[in-house]
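As numbered in this note's numbering, residues 1 to 337 make up the sequence shown, in order.
Written below as structure tokens is the structure these notes are about.
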Amino acid sequence: MIEFLVKSVLNHNDHRIDLIRMTSGSGAYMEVINYGATIVSIFVPDKNGVLDNVVLKYEDFSQYMWNKALLGATVGRVANRIAGAHFTLNGITYNLDKNDGKNSIHGGFNGFHTKIFNYQTDGESLILSATSDDGEGGFPGRLDFEVKYSFSDDNVLSVEYTASSDKITPVNFTNHSYFNLSGRKTVITDDELKVNATRYAESGNEFLPTGKILPLAETAFAFREYTRISDRMAMKSDNLKGYNAYFFKDANHDKNMPLASFRNIASGRVMDTYTSMSGILIYTGDFLSETFSPFEGICFEAQYPPDAVNHPHFCQNILYPGETKKDTVTYHFYIIQ
1 MIEFLVKSVL
11 NHNDHRIDLI
21 RMTSGSGAYM
31 EVINYGATIV
41 SIFVPDKNGV
51 LDNVVLKYED
61 FSQYMWNKAL
71 LGATVGRVAN
81 RIAGAHFTLN
91 GITYNLDKND
101 GKNSIHGGFN
111 GFHTKIFNYQ
121 TDGESLILSA
131 TSDDGEGGFP
141 GRLDFEVKYS
151 FSDDNVLSVE
161 YTASSDKITP
171 VNFTNHSYFN
181 LSGRKTVITD
191 DELKVNATRY
201 AESGNEFLPT
211 GKILPLAETA
221 FAFREYTRIS
231 DRMAMKSDNL
241 KGYNAYFFKD
251 ANHDKNMPLA
261 SFRNIASGRV
271 MDTYTSMSGI
281 LIYTGDFLSE
291 TFSPFEGICF
301 EAQYPPDAVN
311 HPHFCQNILY
321 PGETKKDTVT
331 YHFYIIQ
């Protein structure tokens, strides 16, 4: 049984921002604010039973109102970049917010990471909801959106996204938490990563897909077995020291097998990521700044392919009127000795 604790942490534009703590029967807990349906902490035990926060957080809640790094935020309508800030759907071209140079990113200036969500609890889960108006960010249709967080006694965090629209529109939701399983101010490049995929999306200097889907083989992107991240980084030849790479789920992927696994040997903590979506974008926090240092956290952004609306051969996630779309992401935390 989950125990909920709610407290007001700040006012923003005459709206109350609440912190909701969800504590499981094991004593582990996570905290969410209703601004951006943002995860601000996840406290899970290490191999000695010590609880530590394994996601990066701001100590001052007001910093979440200017959350440039999108720490813990729920991202949409469309996660990641859309090239040229436009796309064509059913013969109509839609021009989007240009909030990443000439491109659009993470739903534009008023994406879900900027919204104050309504919320309720159902005894076991926290359910947050918000609406994006027709034309917001340039996207068609009024979009009703809900994110549901569940946290179990065995340290499984489940995230469920539900969306409906009155017009045909692309959708792609993700969570932008930066994980650091050490629970300390360390870099994640000495930790080990495993990705159960065989293909990734080639990207250019603006981190946009070129459209090519490449085999991992023995490239710098091959993490088929647990490998220290820095060891593979040394093999890279592109313009990024770390990773901002989308890995496609294989067609025959076993749903009982995590798509990505991450472990910190010193603490004994491991995190497995599962998703109903077509793949995962892994970002090693190269551009973290100010409060944080580069590589202090790593994102596991389960999502559909970046810029899919401009690459017809990519897996599309188009929402039609009268339809309800659901997708899930599960993070399972556990210990190895």
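By construction, the Cβ of each residue, glycine as well, lies at the ideal position given by its N, Cα and C atoms.
| query | result |
| --- | --- |
| Return the CA-CA distance between residue 118 and residue 41, expressed in angstroms with no decimal places. | 20 angstroms |
| What is the DSSP secondary structure of residue 270, counted as helix, strand or coil? | strand |
| Nearest to residue 162 by alpha carbon, out of 174, 145, 49? | 145 |
| Is the beta carbon of residue 14 less than 7 angstroms from the beta carbon of residue 34? | no |
| Suppose contacts are defined by Cβ-Cβ distances below 7 angstroms. Is residue 324 in contact with residue 129 by that definition? | no |
| For residue 9, I'd like the list of residues in its chain whose CB is within less than 6 angstroms of its CB, leaving aside the five on either flank, ordered along the chain. | 17, 19, 61 |
| Using 7 angstroms as the threshold, is the C-beta distance between residue 181 and residue 200 below it? | no |
| Can you tell me the Cβ-Cβ gap for residue 132 and residue 81, rounded? I've got them flagged as a contact below 8 angstroms. | Not really, about 18 angstroms apart at Cβ, beyond 8 angstroms. |
| Take the Cβ of residue 101 as the centre, count every other Cβ of all protein chains shown within 10 Å, and call the residue buried at 16 or more, exposed below. | exposed |
| For the candidate residues 64, 198, 136, 287, whose alpha-carbon lies nearest to that of residue 251? | 198 |
| With burial defined as no fewer than 16 other Cβ atoms inside 10 Å of the residue's Cβ, what is the status of residue 176: buried or exposed? | buried |
| Just to confirm the assignment, what range does the beta strand (DSSP E) spanning residue 233 have? | Not the beta strand (DSSP E): residue 233 falls in the alpha helix (DSSP H), residues 229–233. |
| Excluding sequence positions up to five away, which residues of its chain have a Cβ less than 7 angstroms from the Cβ of residue 115? | 36, 130 |
| Using only alpha-carbon positions, find the residue among 279, 271, 305, 169 that is nearest to residue 91. | 169 |
| Please go through the same chain and pick out, in chain order, the residues whose beta-carbon is closer than 6 angstroms to the beta-carbon of residue 51, but skip the five residues on each side of it. | 43, 45 |
| Around the C-beta of residue 234, are 16 or more other C-beta atoms found within 10 angstroms, so that it is buried, or is it exposed? | exposed |
| Roughly how far, in whole angstroms, is the beta-carbon of residue 179 from the beta-carbon of residue 54, given that I think they are within contact range, below 8 angstroms? | 6 angstroms |
| Quick check on DSSP: helix, strand or coil for residue 195? | strand |
| Would you please state the rounded distance, in angstroms, between the beta carbons of residue 278 and residue 249? I believe it to be under 8 angstroms. | 6 angstroms |
| Rounded to the nearest angstrom, how far is the Cβ of residue 152 from that of residue 125, given a contact under 8 angstroms? | Going by Cβ atoms, the distance from residue 152 to residue 125 rounds to 10 angstroms, so no, they are not a contact pair. |
| Which ranges would you report for the alpha helix (DSSP H) in the stretch 97–129 if only whole runs of at least 4 residues count? | none |
| What is the DSSP secondary structure of residue 257, counted as helix, strand or coil? | coil |
| So, at 6 angstroms on beta carbons, what are the nonlocal neighbours of residue 158 in its own chain, with the 5 sequence-adjacent residues on each side left out? | 150, 330 |
| Closest to residue 245 by C-alpha separation, out of 67, 302, 268, 26, would be which residue? | 302 |
| Please report the straight-line C-alpha distance between residue 264 and residue 89, rounded to a whole angstrom. | 44 angstroms |
| Taking only the alpha-carbon atoms, compute the straight-line gap between residue 123 and residue 2 and give it to the nearest angstrom. | 7 angstroms |
| With a threshold of 6 angstroms, establish whether the CB of residue 59 neighbours any heavy atom of the ligand SAH. | For the structure depicted, the ligand SAH is absent and the ligand set is empty, with no information on it obtainable. |
| For residue 218 and residue 202, what's the separation of their Cα atoms in angstroms? | 15 angstroms |
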